[in-house]
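Working notes, structure below.
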Amino acid sequence: MANILVMIPSGEVYDHDCVRWYSYQNIQRSINHYHNIGDAFVYDSSLKLLTFDRLDVVEIREFKQEVVDRANAEYDYVFLRGSNYIHDHMTWPEGTEQVLSKLRIPVIAFGVGAQAPATGKLTLSDESKRIWQMFADKSTTLGVRGTYTAEVLWDLGIKNVRIVGCPTAFRNRDPELRIDLPSLDSVRNVGITMRREVSSHYSPDVKTYLTRHRDFVKDMSRRFDTVLMMQGEVEEKKLLWGTDEQKAEAWDELHNNNWLKSWYFDEELDELYRSRLWYSDVVADYENIVRSKDLVLGYRLHGNLMALSNGTPSVYFSYDSRTAEFAETFAIPCYDVYSDKPFVLEEYWDQSLFEKFNRTFYQRYRDMREFLDENYIPHRMPSPTARKTPQRKAA
């Protein structure tokens, strides 16, 4: 067992390895604040893989010698919660470099990723370059999301990297997990992971992104009993839980946004927003809802992965380097939002496509387990057994 520290947590921990947002019991405390609950998925999933007695947070907003001395004396290692840290807008907390320079225990990057701009090459600040070299120097290997992230670090001279994907994929610690498709005719309940916020910095074509998103949601909702799964957007939280005044503010904000009123909202989508929205500040609630669905698909990287990790089929919608890299890492069936043709679910409802995911998941599970072993991190990931020929479930 180990005493461990987390760097940049996302939510509060309860029942040893479960995560929820800090103000989950009083939504009004955070209703005006956007927090991506997907970050909490990663934090929750990381804890579910690790073996530890005690967990605390290492503070990097400012350097305090007594805090670092205590970390070195009482804890076994620090892990950096996996997220999208490697991009040209990243600003690290003020004390990060000094804290890292004084830590004498291992510092583990746990499924971190890089984000490419819509155009041009990713350019990192000198600060980011120094910090990533520190992470590399303080661990046997860096655990990264995929090939693109590995290449970015390699170009910085950081070569001790291992591609592990994301802890969320392995949260149930099942090396034999697989997706077996039922008949499409049997699919009734569908979760749609929503992402109507978009940036021209990462999207090469905002109009196409939003119009495809709108049309996809409407098409799926005509065919299936859908739930629109949000991940912490302020306006959607207000529509669900706000006062009458806050709900009116949210509708005004959404419908006065030039992009959204031109390319996203119409009468049909308005009605879906009124009747189908869903959100929770508790990670376990997301796990429960994806387990209840026949299919989960859409725009959210971690929302879709939560479904796959629980054996629920999912199709990714790729719109930036991050989602493309993730789909590649796990061989997840993926629709390119900027392609020349519309999304047709039947083209992705193909067991041979999901067999690629099944095989790749098995390999990535081993990669994650080996990453933890080579960094001397106590964990709860069972060893994969000898691979047997799978028995496909009856349709």
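In terms of the numbering used here, the sequence shown is residues 1 to 395. Just so you know, even glycine gets a beta-carbon here, dropped at the ideal spot from N, CA and C.
Residue i - containing beta strand (DSSP E), residue span
i	result
S318	314-318
Q26	A small correction: the amino acid at residue 26 is Asn; Gln does not occupy that position in the sequence shown. Segment: none, N26 is in no beta strand (DSSP E) and carries neither H nor E.
Y209	Segment 206-223 is the alpha helix (DSSP H) holding Y209; no beta strand (DSSP E) there.
V187	No beta strand (DSSP E) holds V187; DSSP gives it neither H nor E.
I163	161-163
G143	142-144
G298	295-298
Extent of the continuous alpha helix (DSSP H) run through residue i
i	result
Y286	283-291
T149	147-155
F135	126-137
N304	301-309
L240	234-241
R196	Neither: R196 is in no alpha helix (DSSP H) and is coded neither H nor E.
Secondary structure of residue i, DSSP reduced to three states
i	result
E12	strand
C18	strand
A248	helix
T226	strand
M1	coil
N256	helix
W263	helix
R173	coil
R104	coil
L122	coil
M7	strand
Through-space distance from residue j to residue i, alpha-carbon basis
i	j	result
G360	R214	According to the sequence shown, residue 360 is Thr rather than Gly. The alpha-carbon atoms of T360 and R214 are separated by roughly 31 Å.
Y376	N310	27 Å
E346	L301	21 Å
N72	L103	6 Å
P167	A327	15 Å
E374	R173	18 Å
M230	C334	20 Å
D336	Y319	6 Å
V283	F41	6 Å
K207	I179	33 Å
V161	T141	5 Å
Y365	H89	31 Å
T211	S275	21 Å
N84	L181	31 Å
D225	G111	34 Å
Y279	G232	7 Å
M306	V296	9 Å
R392	L272	Annotation note: pLDDT 45 at R392 (below 50); position unreliable, no value reported.
E197	I158	33 Å
R70	D367	32 Å
F357	W349	13 Å
E245	K218	28 Å
C18	Y24	13 Å
P93	P384	39 Å
**Report entry** Runs of beta strand (DSSP E) lying entirely within the region 315-384, each at least 3 residues, in chain order
**Finding:** 334-336
Report task. Run through the region 36-90 for me and flag every whole beta strand (DSSP E) of 3 or more residues, listed as ranges in chain order. Result -> 54-57, 77-81
Report task. Could you tell me whether the region 284-302 touches the region 252-271, using the rule of 3 or more Cβ pairs below 8 Å? Result -> no
Query raised in the report: Do three or more CB pairs link the region 249-261 to the region 229-240 at distances below 8 Å?
Result: yes
**Report entry** the region 75-82 in contact with the region 199-206 per 3-pair CB rule at 8 Å
**Finding:** no
Requested in this report: Report yes or no: do the region 142-155 and the region 29-36 share at least 3 C-beta pairs separated by less than 8 Å?
Outcome: no
Query raised in the report: Would you call the region 60-70 and the region 94-114 in contact, with 3 or more CB pairs under 8 Å?
Result: yes
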